[in-house]
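First the structure, in the form of structure tokens, and then the observations on it.
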Amino acid sequence: MKMIRWACNASAVFGYCLLMVLPAFAIQAQSRYGLKAMSLDEYKESTKANPAKELIDLEDFVPGLVLDIRYATTNNFTGERIYNLAKAYARKPVADALAKIQADLKKMGLGIKIFDAYRPYKATVKFYEVYRDTTYVASPYRGSRHNRGCALDLTVIDLDSGEELQMPTGYDSFKKEAWPSTPVSDPEIRKNRALLINVMQKHGFKVNSSEWWHFDFIGWQKYEVMDIDFEELENL
Ligand SMILES: [Zn+2]
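Going by numbering that gives the first Met the number 0, the letters in the sequence shown line up with residues 0 to 235, in that order.
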């Protein structure tokens, strides 16, 4: 009897401990780096309170926009396919600014090609765990501005040929030549880089200091980090 009572007590204590420990594990899995990213339900609530927070499908919204979403292919620095769908989303004011940029470039026979836009937080964690240099990948402790729907990776294309204008490096190069401050000797490349940076600045973006292709939307602090998959956004 004594044994049975002990066993009951032990199992009750074990069960209690398990109950205490399991949610802790669940929380840890959600935010291993101490950051709580917004879920789909939280995002939906936030857009009701503030419609500017809506994530806009850029391909639908910006006429003639070309997508080359590298993380939906194996042609990226991880060598792995990160996204199941090749989609580009951004918050409404970012989408509005991009439409103006596309219109400005069109007058010169040019257009935008998007490499990446909104990025679910779990992808940022993956990038960090593959390549731990936070000069080139965002820290999962803070998240990326891409996770907030407020950063765009892009270049300029010639509308007639569809070809990208020549830039100092390819996309996602980890070389110093990718830094916007690095001098460029080729006048054509220098002109192309300046054209991109100027048109983006005119419409409220700031170029990243180590990536000529990455632009943050000024005011990104007002938008939360999210961990919502493209599939979830497609089904809204
Ligand atoms: Zn970027």
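Cβ coordinates follow ideal geometry from the N, Cα and C atoms, glycine included.
Note that this is a predicted model, so its numbers are computed, not measured.
Subject >> Where the alpha helix (DSSP H) containing Leu-97 begins and where it ends >> reply: 91–105
Original post:
Sorted by chain position, which residues of the same chain lie with C-beta nearer than 7 angstroms to Ala-85's C-beta, five sequence neighbours on each side aside?
Top reply: Leu-66, Ile-68, Ala-71
**OP:** With DSSP as the reference, label Leu-232 as helix, strand or coil.
**Re:** helix
**OP:** Go ahead and pull the three-state DSSP assignment for Asp-215.
**Re:** strand
Subject >> Other residues of its chain near Thr-154: CB distance less than 8 angstroms, five sequence neighbours each side excluded >> reply: Ile-111, Lys-112, Phe-114, Glu-163, Leu-164, Met-166, Tyr-170, Leu-195, Trp-212
**OP:** May I ask you to check if the CB of Asp-152 is nearer than 6 angstroms to at least one heavy atom of ligand 1?
**Re:** yes
Subject >> Between the CA atoms of Ser-209 and Lys-175 - distance to the nearest angstrom >> reply: 7 angstroms
Original post:
Any heavy atom of ligand 1 within a distance shorter than 6 angstroms of the CB on His-202?
Top reply: no
**OP:** Might you give, ordered along the chain, the residues of its own chain that have their beta carbon closer than 7 angstroms to the beta carbon of Asp-132, omitting 5 neighbours on each side?
**Re:** none
**OP:** Figure out for me which residue from Ala-89, Lys-35, Lys-205 has the closest Cα to the Cα of Val-61.
**Re:** Ala-89
Original post:
Taking the Cβ atom as the reference point for each residue, do His-202 and Lys-99 lie within a distance shorter than 7 angstroms?
Top reply: yes
Original post:
Between Lys-121 and Tyr-42, what straight-line distance do the alpha-carbon atoms span, to the nearest angstrom?
Top reply: 16 angstroms
**OP:** Measuring alpha carbon to alpha carbon, tell me which of Leu-54, Pro-92, Ser-160 ends up nearest Glu-233.
**Re:** Leu-54
Subject >> Residues of its chain near Thr-73, where Cβ-Cβ distance is below 8 angstroms and the 5 sequence neighbours each way are ignored >> reply: Glu-79, Arg-80
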